[in-house]
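Enquirer: Protein chains in written order, with my numbering: chain A, 411 to 567; chain B, 411 to 567.
Dropping the structure in here first, questions after.
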DNA sequence: TAATGACAGACTAATTTGGTCTGCGATAAA
DNA sequence: TTTATCGCAGACCAAATTAGTCTGTCATTA
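Next comes the structure, spelled out in structure tokens:
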């Protein structure tokens, strides 16, 4: 629960790799799949979705493959997530999945949960695949709550 | 993906209800299940987990039921989540689920994802079930990214 | 024109989640 | 002291989601 799917993991790994490519250089499914030990067919599907979403550019030919279509800074983790898995929502009444929620009329916790969700989406949108491949220090202020909130995270879970 | 389970939804609804009870007043599984149209047996299990986790107090008797064991302010959504579903992690390598990740040695996106996760956990810890039942205005600064970050959320997903 | 690599979708397997069924144990009121 | 109420416990099944497989087509270029 609250977990990213493997397809999203695969997408992020592949995009991170492509973000480090030279201009004009392409990566193909076979080599990415081999590098990360991902089943080739499943990575192929993931790449196709990223392509359809306009995040990457396909070069369908021998010596072809994929390259980023946008600057790495402009590809957010949220965009990747939506491209691969569709709309995101921590509760199904907020992502269009659940058309007939049994608790709809009695539910009095929807509003705060949606706010919680907005925060999560905000973070996902604020984190680009460029930052994925950079050292933690660079991320300060974006994904590290301690600097934003002025206090460290002491997670007691 | 990234979705709360129904068991967690049920737990939050029940806890929110109990948070509004008078001192000494108890709610039993049957009445909560009826109110929210939740299968009684499944809510029973959820309540038992909350009880084992020390979040609520059981009164095993006729006219018995459950009541909060801690002040509503001290029961965080994260505690509820962990009580009902176990450790939370957006990637399985960070919650102990995945013992033999195939990408472990090549993975170069783990660190930023863990930071992302820490933020999510921080929000979940910062939101109490007391706040769940209050009007949105009260939540400003805790779960509303716009006030914390000084800019509104324009979610382009 | 053959080799490479993307495109496409049906299909199966595995895992997680949601829900059911059955019986036992504790307590207080009748 | 019996009995109805309500929590406790765990095996079990069903549905949904996720992961992975199989098979084949289409586009490009060397």
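All residues carry an ideal CB built from backbone N, CA and C; glycine is no exception.
Source: prediction; values computed, not measured.
Within 10 angstroms of its Cβ, does residue 481 of chain B collect 16 or more other Cβ (buried), or is it exposed?
Expert: By 1-based counting over the second chain, the position of residue 481 of chain B is 71. Classification for residue 481 of chain B: exposed.
Enquirer: Is the segment 479 to 493 of chain A touching the segment 506 to 514 of chain A, taking contact as three or more C-beta pairs under 8 Å?
Expert: With a cut-off of 8 Å, the segment 506 to 514 of chain A and the segment 479 to 493 of chain A do not count as touching, because too few Cβ pairs lie within range.
Enquirer: Would you kindly report the start and end of the unbroken alpha helix (DSSP H) that includes residue 526 of chain A?
Expert: For the purposes of this step, residue 526 of chain A is identified with residue 116 of the first chain, where counting begins at 1. Element bounds for residue 526 of chain A: 520 to 536.
Enquirer: On the criterion of 16 or more Cβ atoms from any shown chain inside 10 Å, does residue 413 of chain B qualify as buried, or is it exposed?
Expert: The residue given as residue 413 of chain B occupies position 3 in the second chain. By the 10 Å Cβ count, residue 413 of chain B comes out buried.
Enquirer: Run down chain A in chain order and give the residues with a C-beta less than 7 Å from the C-beta of residue 495 of chain B.
Expert: Locating residue 495 of chain B in the second chain gives position 85, where the first residue counts as 1. Those within 7 Å of residue 495 of chain B in chain A are 411.
Enquirer: On the DSSP bridge assignment, give the partners of residue 467 of chain B in chain order.
Expert: The sequence position of residue 467 of chain B within the second chain is 57, counting from 1. Its beta-bridge partners are B:477.
Enquirer: Apply the 10 Å Cβ neighbour rule to residue 518 of chain A and answer buried if 16 or more other Cβ atoms are within range, or exposed otherwise.
Expert: Stepping through the first chain from its first residue, residue 518 of chain A is reached at position 108. Counting Cβ neighbours within 10 Å, residue 518 of chain A comes out exposed, since fewer than 16 surround it.
Enquirer: Can you have a look at residue 528 of chain B and say buried or exposed, based on whether 16 or more other CB atoms are within 10 angstroms of its CB?
Expert: Within the second chain, the letter at position 118 stands for residue 528 of chain B. That one is buried.
Enquirer: Cβ of residue 479 of chain A within 7 Å of any heavy atom in the ligand ADP?
Expert: In the structure on display, the ligand ADP does not appear, and there are no ligands present to speak of.
Enquirer: Could you tell me whether the segment 450 to 469 of chain A touches the segment 501 to 510 of chain A, using the rule of 3 or more Cβ pairs below 8 Å?
Expert: Segments in contact, no.
Enquirer: In chain B, which residues lie less than 7 Å from residue 415 of chain A when you measure between Cβ atoms?
Expert: Taking the first chain and counting its residues from 1, the one referred to as residue 415 of chain A is at position 5. What residue 415 of chain A touches in chain B: 411.
Enquirer: Nearest CA to the CA of residue 435 of chain B: which residue from B:421, B:499, B:497 and B:474?
Expert: Residue mapping note: residue 435 of chain B aligns to position 25 of the second chain, counting from 1. Of the candidates B:421, B:499, B:497 and B:474, the one whose C-alpha sits nearest the C-alpha of residue 435 of chain B is B:474.
Enquirer: With residue 515 of chain B as the anchor, note down where its alpha helix (DSSP H) starts and where it stops.
Expert: Residue 515 of chain B sits at position 105 when you count from the first residue of the second chain. Careful: residue 515 of chain B lies outside any alpha helix (DSSP H) and carries neither H nor E.
Enquirer: Do residue 416 of chain B and residue 494 of chain B count as a contact pair if the criterion is CB distance below 8 Å?
Expert: Taking the second chain and counting its residues from 1, the one referred to as residue 494 of chain B is at position 84. Taking the second chain and counting its residues from 1, the one referred to as residue 416 of chain B is at position 6. No; because the gap between Cβ atoms is not below 8 Å, this pair is not in contact.
Enquirer: Assuming residue 423 of chain B contacts residue 446 of chain B (C-beta within less than 8 Å), just tell me the rounded distance between them.
Expert: Looking up residue 423 of chain B in the second chain gives position 13. Looking up residue 446 of chain B in the second chain gives position 36. Correct: roughly 5 Å between the Cβ atoms.
Enquirer: Considering only C-alpha positions, which residue in the set B:421, B:520 and B:432 is nearest to residue 454 of chain B?
Expert: Mapped onto the second chain, residue 454 of chain B falls at position 44. Among B:421, B:520 and B:432, the Cα nearest to that of residue 454 of chain B is on B:421.
Enquirer: Can you tell me where the alpha helix (DSSP H) with residue 492 of chain B in it begins and where it stops?
Expert: Numbered from 1 along the second chain, position 82 holds the residue referred to as residue 492 of chain B. Counting along the chain, the alpha helix (DSSP H) containing residue 492 of chain B begins and ends at 487 to 495.
Enquirer: Could you pull the DSSP bridge partners for residue 437 of chain A from this structure?
Expert: Along the first chain, read from residue 1 onward, the residue named residue 437 of chain A stands at position 27. DSSP lists A:476 as partners of residue 437 of chain A.
Enquirer: Could you please tell me which residues of the segment 413 to 438 of chain A, in chain order, have their CB closer than 8 Å to any CB of chain B?
Expert: For the segment 413 to 438 of chain A, which is checked against every Cβ of chain B, the residues closer than 8 Å are 413, 414, 415, 418, 419, 422, 423 and 426.
Enquirer: Residue 362 of chain B touches chain A at which residues, Cβ-Cβ below 7 Å?
Expert: Given that chain B is displayed from residue 411 to residue 567, the structure contains no residue 362 of chain B and the question cannot be resolved.
Enquirer: Where residue 534 of chain A and residue 532 of chain B are concerned, what is the direct C-alpha to C-alpha distance, given to the nearest angstrom?
Expert: Mapped onto the first chain, residue 534 of chain A falls at position 124. Mapped onto the second chain, residue 532 of chain B falls at position 122. C-alpha separation (whole angstroms): 15 Å.
Enquirer: In chain order, what residues of the same chain lie with their CB nearer than 7 Å to the CB of residue 540 of chain A, ignoring the 5 residues before and after it?
Expert: By one-based count along the first chain, residue 540 of chain A stands at place 130. For residue 540 of chain A, where only same-chain residues beyond five positions count, the Cβ hits under 7 Å are 429, 482 and 483.
Enquirer: Since residue 510 of chain B meets chain A, which of its residues come closer than 8 Å, beta carbon to beta carbon?
Expert: Stepping through the second chain from its first residue, residue 510 of chain B is reached at position 100. Per Cβ cutoff of 8 Å: no residues; residue 510 of chain B is ~11 Å from chain A at best.
Enquirer: Let's see if you can read the secondary structure: which residues bound the alpha helix (DSSP H) around residue 426 of chain A?
Expert: As a working mapping, residue 426 of chain A is identified with position 16 in the first chain. Residue 426 of chain A -> alpha helix (DSSP H) spans 416 to 429.
Enquirer: Closer than 8 Å, CB to CB, is residue 481 of chain B near chain A or not?
Expert: Taking the first residue of the second chain as position 1, residue 481 of chain B is located at position 71. No, residue 481 of chain B does not count as interfacial toward chain A.
Enquirer: Might you give, ordered along the chain, the residues of its own chain that have their beta carbon closer than 6 Å to the beta carbon of residue 443 of chain A, omitting 5 neighbours on each side?
Expert: By 1-based counting over the first chain, the position of residue 443 of chain A is 33. Here the set comprises 450 and 453.
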